[in-house]
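Residue numbers (this note's numbering): 459 to 557.
First the structure, in the form of structure tokens, and then the observations on it.
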Amino acid sequence: MDLSRQLKTAIKTGDLTFGQNQASNACANGQAKMLIFAANCPQDYIDDLRARHPDVPMHRTDLVNRELGSACAKPFPVSTICVRGEGGSELLNLPPNLD
Numbered sequence: 459m460d461l462s463r464q465l466k467t468a469i470k471t472g473d474l475t476f477g478q479n480q481a482s483n484a485c486a487n488g489q490a491k492m493l494i495f496a497a498n499c500p501q502d503y504i505d506d507l508r509a510r511h512p513d514v515p516m517h518r519t520d521l522v523n524r525e526l527g528s529a530c531a532k533p534f535p536v537s538t539i540c541v542r543g544e545g546g547s548e549l550l551n552l553p554p555n556l557d
């Protein structure tokens with residue numbers, strides 16, 4: 459799966475939020491369908507989210523936050539993406555890879 463292409467599709471047709479605070483809020487409100495993390499996202503933040511929201515699938519990419527921001531066509535680094543609606547993308551087919 460081409461993650462960059464799927465992210466661009468989801469940005470156009472779906473509902474994504476960017477950033478750690480927005481992801482935490484979406485999880486707390488039950489809106490998060492999946493979380494996608496940059497390779498250099500802080501592990502303690504991920505562990506905390508996993509402990510509080512074990513039912514939300516989580517996927518860590520090989521891209522660091524600057525690359526993930528570029529893949530999303532954002533002019534800033536992105537460490538966390540919350541998928542609230544995938545639109546025409548296949549982001550929810552990403553396998554959870556955080557154990």
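Where a beta carbon is used, it is the ideal one built from N, C-alpha and C, also for glycine.
These numbers were taken from a predicted model, which means no experiment stands behind them.
Asked	Found
Go ahead and pull the three-state DSSP assignment for Asp569.	Lying outside 459 to 557, the shown extent of the chain, residue 569 is not represented and no answer is given.
When the Cα atoms are used, what is the spatial distance from Pro535 to Met459?	22 Å
Closest to Ser528 by C-alpha separation, out of Leu556, Asn551, Ala484, Ala496, would be which residue?	Ala496
Determine which residues share a DSSP beta bridge with Thr538 and list them.	Phe495
In the DSSP assignment, what residue or residues form a beta bridge with Gly477?	DSSP output for Gly477 lists no bridge partner at all.
Looking only at its chain, what residues have a beta carbon closer than 6 Å to the beta carbon of His511, apart from the 5 residues adjacent to it on each side?	Cys485
Only counting the same chain, and skipping five residues up and downstream in sequence, which positions put a Cβ closer than 6 Å to that of Leu465?	Ala529, Cys530
Flag this pair as yes or no: are the beta carbons of Gly545 and Lys470 separated by less than 8 Å?	yes
Would you report the Cα separation of Arg524 and Thr475, rounded to the nearest angstrom?	16 Å
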